[in-house]
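Residue numbers (our numbering): 272 to 360.
Take a look at the structure below.
Here is the structure:
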């Protein structure tokens with residue numbers, strides 16, 4: 272299975288709406304590793320490592336959050352790190 276790692280920055284209504292907990296739960300469901308954290312400018316930063324399909328499913332699950340509104344998303348492919356789990360920073 273091909274693994275990739277992506278760095279994301281989410282903008283919009285993404286803090287105080289359960290974004291990080293939803294991301295963590297979805298990552299565990301789809302076997303994605305990495306981390307997620309709030310940023311001081313109101314955005315949320317995330318690194319996700321797994322198959323391209325699993326990362327796509329993770330993003331779709333996050334977007335379906337009841338109060339989450341992603342207005343803009345920056346996405347960059349980065350080098351895989353071989354994390355063993357997904358955590359909230």
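Ideal Cβ placement from N, Cα and C applies to all residues, glycine included.
Note that the structure is predicted; figures quoted are calculated from it, not measured.
Exercise for the section: Taking only heavy atoms of the ligand GDP into account, decide whether any of them is closer than 8 Å to the Cβ of residue 339. Expected result: For the structure depicted, the ligand GDP is absent and the ligand set is empty, with no information on it obtainable.
Handout entry: Cβ shell of residue 290 (< 6 Å), same chain only, five flanking positions each side left out
Key = 315, 339
Practice task
Measure the alpha-carbon distance for residue 326 versus residue 335 and round it to whole angstroms.
Solution key: 14 Å
Practice task
On a CA-only basis, which of 310, 299, 304 is nearest residue 319? Give me that one, please.
Solution key: 304
Exercise for the section: Enumerate in chain order the residues of its own chain whose CB-to-CB distance from residue 279 is below 6 Å, with the five nearest sequence positions on each side excluded. Expected result: 317, 346
Handout entry: Opening and closing residue of the beta strand (DSSP E) in which residue 319 lies
Key = 315-321
Exercise for the section: Report yes if the C-beta distance between residue 282 and residue 329 is below 9 Å; otherwise report no. Expected result: no
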